[in-house]
Amino acid sequence: MKGVFSAPGDYIHFKSQVPLHKISIGSRQWRYYEFGPKVVPPLICLPGTPGTADVYYKQIMSLSNKGYRVISVDIPRVWNHHEWIQAFEKFLDAIDVHHVHLYGTSLGGFLAQLFAQHRPRRVRSLILSNTFLDTQSFSASMPWAPVVSWTPSFLLKRYVLIGIRDGPHEPFIADSVDFVVSQVETLSREDLASRLTLTSGAASIGPLLLSDSFITIMDTNDYCAIPRELKDQVSEKYPGARRASLKSGGDFPFLSRPDEVNLHLQLHLRRVGVEAKPDIGLQNRRDSSGGGSSDKNKEKEDSDEPPKDNSKGSPSRDAKNKEKEGAYNDPSNDNSGESSSNPTSKDPIHIAASDYNGGNDGSKKVNEVIPRDTASVLRGQLKPMLLDIRVVMEIQLISATQAVELTQSYSVLYLLLSLYLGNLYNTRCHSLNCRQNV
């Protein structure tokens with residue numbers, strides 16, 4: 001946790017794609033992210049004491065791409081558990097959500113159980129991670145809890161950070177700790193005091209009307225701030241719940257082990273009957289990255305007719321550009337910000353820049369939809385080349401038909417694409433220099 005924290009590249013890409021929503025309900029302000037098809041019942045993620053809505057960004061990006069709707073919220077400033085139940089219900093009403101699936105870690109898991117106990121008709125399922133049933137042990141360790149609302153901010157942050165183990169960690173756990181510590185620095189004194197009050201205030205989980213078959217318990221087996229005996233109490237209370245044990249991951253497995261966590265979340269949602277809409281999720285992502293596309297252009301993309309060129313240039317200029325570029329579409333001449341591809345594959349996938357460079361450069365996008373078997377070949381052949389190309393603009397590769405033809409010979413594919421990308425790199429670097437000089 002020492003040194004200057006640098007935000008991960010995939011987090012920067014997430015912030016550029018998913019907007020942060022802020023709404024005021026009464027005297028409270030809610031901060032939350034929402035991404036995914038609106039027609040799918042949402043998975044709402046509740047963070048622990050040091051967390052914010054941002055800590056679940058890996059779940060939002062992964063699950064929304066698979067067709068699930070994910071909402072990650074900040075815990076608002078509430079000062080008792082009854083106030084939390086009422087505030088969260090009003091929040092769901094404000095965003096027009098009636099039935100939810102809750103995923104909570106640590107304090108968020110405790111609050112999720114409280115809401116399921118007192119508002120059983122609204123909760124369809126629970127995913128609980130490194131959480132507890134009773135606040136008695138926490139209140140015993142905080143004899144100064146009655147004056148927590150008057151405690152200075154630096155003391156509250158110090159108390160919260162003491163609960164996070166400070167190394168030595170495996171690299172992926174160390175990165176997750178650094179990220180959460182950076183989020184703690186963004187919390188105000190009132191935010192921290194409110195969350196510590198919820199953690200130490202007298203409360204316990206009673207019987208739930210929700211069947212154990214709709215509950216998944218996902219705990220880490222290595223060090224965690226929540227004692228093992230408290231996590232065992234949760235497992236004993238829900239004997240019929242599904243178990244998902246993570247060998248390691250620390251306090252924040254959603255950041256340190258995102259692939260495993262996302263897989264368990266997806267399996268849980270399937271098991272409780274949530275039907276994903278991957279086609280809608282793909283379209284939402286394309287709309288969010290496409291910029292200012294109009295409803296008229298969307299209708300053209302959905303029609304069976306081949307799309308027409310929407311650029312504002314003259315026909316002669318368009319024909320000249322098309323002849324110069326061949327089968328490739330130069331996005332620098334496309335003022336609408338849209339791709340001219342018309343996906344027809346029954347099993348398409350969207351190849352984004354994050355597939356090649358780990359999401360570190362969100363400005364590069366490959367807006368081409370091609371069959372899955374062709375995509376696997378392109379990933380293997382293009383990855384080493386695209387890692388060396390740093391052009392800050394959209395790059396559109398080849399059409400699906402050309403890709404199928406070229407993949408018949410891997411050597412030809414590699415040679416042709418190497419020549420094409422090299423020429424494209426030189427041409428557009430020259431274009432950028434000209435624009436800067438102008």
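Numbering (the UniProt record's numbering), first residue to last: 1 to 438. Think of the CB as a built atom: it goes at the ideal place given N, C-alpha and C, for glycine as much as any other residue.
- Message: I need the DSSP call for ASP134, collapsed to helix, strand or coil.
- Response: In the sequence shown, counting from the first residue as 1, residue 134 sits at position 134. Reduced to three states, the DSSP call for ASP134 is strand.
- If you count every other CB in all the chains shown that lies within 10 Å of the CB of TRP150, and 16 or more means buried, which is it? The count along the sequence shown starts at 1 and reaches residue 150 at position 150. It is exposed - the Cβ of TRP150 has fewer than 16 other Cβ atoms within 10 Å.
- Where do the N-terminal and C-terminal ends of the beta strand (DSSP E) with GLY108 fall, by residue? As a working mapping, residue 108 is identified with position 108 in the sequence shown. It is not in any beta strand (DSSP E) - GLY108 instead sits in the alpha helix (DSSP H) that spans 107-118.
- Item | Alpha-carbon spacing of GLY109 relative to ASP279, whole angstroms | For the purposes of this step, residue 109 is taken as the residue at position 109 of the sequence shown. For the purposes of this step, residue 279 is taken as the residue at position 279 of the sequence shown. Taking the straight line from one Cα to the other gives about 31 Å.
- Task: Assign LEU209 to buried or exposed, taking buried as 16 or more other Cβ atoms, counted over all protein chains shown, within 10 Å of its Cβ.
- Result: Residue mapping note: residue 209 aligns to position 209 of the sequence shown, counting from 1. Under this definition LEU209 is an exposed residue.
- Query: Would you call the CB atoms of LEU196 and SER137 closer than 8 Å?
  - Reply: Along the sequence shown, read from residue 1 onward, the residue named residue 196 stands at position 196. Along the sequence shown, read from residue 1 onward, the residue named residue 137 stands at position 137. No, the Cβ-Cβ distance between LEU196 and SER137 is not below 8 Å.
- Nearest-angstrom Cα distance between SER125 and PRO41? As a working note, residue 125 is residue 125 in the sequence shown. As a working note, residue 41 is residue 41 in the sequence shown. Each residue's Cα considered, the two are about 11 Å apart.
- Proximity of residue 462 and PRO253 at Cβ, strictly below 8 Å: The structure shown does not extend to residue 462, since the chain is modelled only from 1 through 438, so no value can be given for it.
- Task: Would you give the residue range spanned by the beta strand (DSSP E) that ALA244 belongs to?
- Result: Indexing the sequence shown from 1 puts residue 244 at position 244. Unbroken beta strand (DSSP E) run through ALA244: 242-246.
- Through-space distance from ARG28 to VAL78, alpha-carbon basis: Taking the first residue of the sequence shown as position 1, residue 78 is located at position 78. Taking the first residue of the sequence shown as position 1, residue 28 is located at position 28. Using only the alpha carbons, I get a separation of about 8 Å.
- Compute the beta-carbon to beta-carbon distance between ASN221 and SER62, rounded to the nearest angstrom, for a pair I have assumed lies under 8 Å. Taking the sequence shown and counting its residues from 1, one reaches residue 221 at position 221. Taking the sequence shown and counting its residues from 1, one reaches residue 62 at position 62. Between SER62 and ASN221 the Cβ distance is about 23 Å, and since that is not below 8 Å, they are no contact.
- Item | Beta-ladder partner(s) of MET61, from DSSP | One-based indexing of the sequence shown puts residue 61 at position 61. MET61 is not bridged to any residue.
- Task: Please list the segments of the beta strand (DSSP E) lying wholly inside the segment 27-89, counting only runs of 3 or more residues, in order along the chain.
- Result: 28-35, 43-46, 70-73
- Query: If MET218 sits next to HIS169, beta carbons under 8 Å apart, how far is it from one beta carbon to the other, in whole angstroms?
  - Reply: The residue labelled residue 218 in the question sits at position 218 within the sequence shown. The residue labelled residue 169 in the question sits at position 169 within the sequence shown. The pair is not a contact, with the Cβ atoms about 20 Å apart (cut-off 8 Å).
- Among ALA116, TRP30, SER139, nearest to ALA87 - alpha-carbon criterion: Within the sequence shown, the letter at position 87 stands for residue 87. Nearest of ALA116, TRP30, SER139 to ALA87, Cα basis: TRP30.
- Query: Considering VAL123, what are the terminal residues of the beta strand (DSSP E) in which it resides?
  - Reply: On the sequence shown, residue 123 is found 123 positions in, with the first residue counted as 1. Counting along the chain, the beta strand (DSSP E) containing VAL123 begins and ends at 123-129.
- The beta strand (DSSP E) with LYS15 in it runs from where to where? Here residue 15 refers to the residue found at position 15 of the sequence shown. From DSSP, LYS15 is part of no beta strand (DSSP E) but of the alpha helix (DSSP H) over 9-17.
- Item | Three-state secondary structure (DSSP) of SER6 | Locating residue 6 in the sequence shown gives position 6, where the first residue counts as 1. Three-state DSSP puts SER6 in coil, outside helix and strand.
- Message: Measuring only the C-alpha atoms, how far is LEU155 from GLY163?
- Response: The count along the sequence shown starts at 1 and reaches residue 155 at position 155. The count along the sequence shown starts at 1 and reaches residue 163 at position 163. The straight-line gap from Cα to Cα measures roughly 13 Å.
- Task: Could you spell out where the alpha helix (DSSP H) holding SER256 opens and where it closes?
- Result: As a first step, residue 256 is located in the sequence shown; it is residue number 256 there, counting from the start. Counting along the chain, the alpha helix (DSSP H) containing SER256 begins and ends at 253-256.
- Run through the segment 203-227 for me and flag every whole beta strand (DSSP E) of 3 or more residues, listed as ranges in chain order. 215-220
- Hey, out of GLU275, LEU267, LYS247, SER256, whose CA is closest to PRO171's CA? Within the sequence shown, the letter at position 171 stands for residue 171. Looking at the Cα atoms, SER256 is the closest of the given residues.
- When the Cα atoms are used, what is the spatial distance from GLU34 to ARG189? Position 34 of the sequence shown holds residue 34. Position 189 of the sequence shown holds residue 189. When rounded, the distance between both Cα atoms is 26 Å.
- What are the start and end residues of the alpha helix (DSSP H) that includes ILE173? Within the sequence shown, residue 173 is the residue found at index 173, counting from 1. Unbroken alpha helix (DSSP H) run through ILE173: 171-184.
- Message: Counting C-beta neighbours from all protein chains within 10 Å, is the total for GLY240 16 or more, i.e. buried, or is it exposed?
- Response: Residue numbering aside, residue 240 sits at position 240 when the sequence shown is read from its first letter. Answer is exposed; the Cβ neighbour count stays below 16.
- Message: I need the straight-line Cα distance from TYR410 to GLU275, nearest angstrom please.
- Response: Indexing the sequence shown from 1 puts residue 410 at position 410. Indexing the sequence shown from 1 puts residue 275 at position 275. Because the pLDDT of TYR410 is 42, which lies under 50, any placement of that residue in the model is unreliable, and the number read from its coordinates should be weighed accordingly. Taking the straight line from one Cα to the other gives about 38 Å.
- Query: Near SER64, which residues of its chain fall below 7 Å by C-beta distance, leaving aside the five closest residues on each side in sequence?
  - Reply: Indexing the sequence shown from 1 puts residue 64 at position 64. Excluding residues within five positions, the ones whose Cβ falls inside 7 Å are PHE35, GLY36, VAL70, GLY281.
- Please determine, among LEU198, TYR32, ARG270, the residue with the shortest C-alpha to C-alpha distance to ALA94. The residue labelled residue 94 in the question sits at position 94 within the sequence shown. Comparing Cα positions, the closest option is TYR32.
- Message: Beta-carbon within less than 6 Å of VAL272's beta-carbon, same chain only, minus the 5 sequence neighbours each way: which residues are those?
- Response: What you label residue 272 is simply residue 272 of the sequence shown in a count that begins at 1. SER125, PHE214, listed in sequence order.
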